[in-house]
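A.B. asks:
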Amino acid sequence: MNPQALALTKAIKQHESGGKYNRKGGSQEYGAYQWIPNTWKAHAKEVLGDANADITNPTLQNKVAYTIIEKDL
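The working numbering puts the sequence shown at residues 2 to 74.
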């Protein structure tokens with residue numbers, strides 16, 4: 002794993018939700034990274050091949066976030 006991407010992923014998770022994978026935001030955001038539903042669907046389709054991937058799954062949240070962050074570094 003890319004240490005820079007891993008560190009950034011952890012920092013975003015902490016900032017957005019305090020690390021809580023089941024956190025709900027005020028505008029339909031959800032999860033540790035506060036995914037907006039349409040953003041989750043787009044990234045889940047790109048990373049996992051499934052736009053309907055389970056947003057409540059912490060492993061999937063981490064995989065999608067890490068992959069998107071690493072790609073953009």
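By construction, the Cβ of each residue, glycine as well, lies at the ideal position given by its N, Cα and C atoms.
Because the structure is a prediction, the values reported are computed rather than measured.
Taking the alpha-carbon positions, what's the LEU9 to ILE37 distance?
C.D. replies: LEU9 and ILE37: Cα-Cα distance of roughly 19 Å.
A.B. asks: For the alpha helix (DSSP H) that TYR67 lies in, which residues bound it at each end?
C.D. replies: Where TYR67 is concerned, the enclosing alpha helix (DSSP H) stretches over 59 to 73.
A.B. asks: Which residues in the same chain as HIS44 place their Cβ atom closer than 6 Å to its Cβ, once the five residues preceding and following it in sequence are excluded?
C.D. replies: Excluding residues within five positions, the ones whose Cβ falls inside 6 Å are VAL65, ILE69.
A.B. asks: DSSP three-state call for LYS25: helix, strand or coil?
C.D. replies: Strand.
A.B. asks: Quick check on this structure: which residue in ALA6, GLN62, TRP41, ASN3 has the alpha carbon closest to the alpha carbon of TYR22?
C.D. replies: The shortest C-alpha separation from TYR22 is found at GLN62.
A.B. asks: How would you write the range of the alpha helix (DSSP H) that GLN5 sits in, first residue to last?
C.D. replies: 4 to 18 is the extent of the alpha helix (DSSP H) around GLN5.
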